[in-house]
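This is how it looks when you write it as structure tokens:
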């Protein structure tokens with residue numbers, strides 16, 4: 059059995075171990091971003107935080123997608139999940155409504171919107187269109203999702219074909 063080192067010294071269990079872990083994680087992230095910049099791809103990371111809440115278990119989902127070199131936009135970081143920063147206090151808060159990861163693909167004859175919403179089927183979805191803004195909401199049990207998606211143009215609701223399988227929502231907006 060290894061001996062635990064004194065608090066504040068680098069090594070197992072001390073402050074240095076936590077700082078070392080953070081620096082290793084940042085180094086790994088910078089390395090990944092460098093690879094993305096060279097290849098023009100995307101990188102996603104998700105996680106979950108659990109803890110006691112007010113009367114029920116608190117569950118936070120967080121994640122981000124980093125897109126590099128796609129569409130000439132440079133680096134773009136898109137957060138998703140239900141953990142957001144409170145504007146007034148600056149503290150992180152867990153919201154009941156999750157923000158799903160969404161991708162928008164411009165095809166020759168349609169625009170494809172893909173959203174990841176585990177546990178959701180077509181029957182739990184509600185779509186609302188306001189000009190070029192698509193608002194996706196879904197609710198089933200304790201799973202609640204909401205996302206506003208800016209479309210590359212205005213599409214009437216009648217020209218949208220919706221399918222959902224295994225928690226992956228696909229909306230084809232026909233031109």
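In the numbering used here, the protein residues as written are 59 to 233.
Note that CB positions come from ideal geometry on N, CA and C, so glycine has one too.
Open item on the list: Once the 5 residues before and after residue 188 are set aside, which same chain residues still bring their CB inside 6 Å of it?
Closed with: none
TODO: Could you please give the first and the last residue of the uninterrupted beta strand (DSSP E) stretch that includes residue 163?
DONE: 160-164
Open item on the list: Between the alpha carbons of residue 158 and residue 226, how many angstroms are there, rounded?
Closed with: 10 Å
- [ ] May I ask you to report which of helix, strand or coil DSSP gives residue 182?
- [x] helix
TODO: Can you have a look at residue 156 and say buried or exposed, based on whether 16 or more other CB atoms are within 10 angstroms of its CB?
DONE: buried
TODO: Compare the beta carbon distance of residue 162 and residue 191 with 9 Å and say whether it is the shorter of the two.
DONE: no
- [ ] Reducing DSSP to helix, strand and coil, say where residue 233 ends up.
- [x] coil
TODO: Look at the alpha carbon of residue 224 and the alpha carbon of residue 177, and state the distance between them as a whole number of angstroms.
DONE: 7 Å
Open item on the list: Between which residues of its own chain and residue 182 is the CB-CB distance below 7 Å, once the five residues before and five after are set aside?
Closed with: 196, 197 and 198
Task: Whether residue 172 touches residue 194 by CB criterion (9 Å) - done: no
Open item on the list: Could you compute how far the alpha carbon of residue 165 sits from the alpha carbon of residue 205?
Closed with: 21 Å
Open item on the list: Less than 6 Å between C-beta atoms, sequence neighbours within five positions excluded: which residues of the same chain meet that for residue 160?
Closed with: 173, 205 and 207
Open item on the list: Just verifying my parser: in three-state terms, what is the DSSP assignment at residue 206?
Closed with: strand
Task: residue 215, DSSP secondary structure in three states - done: helix
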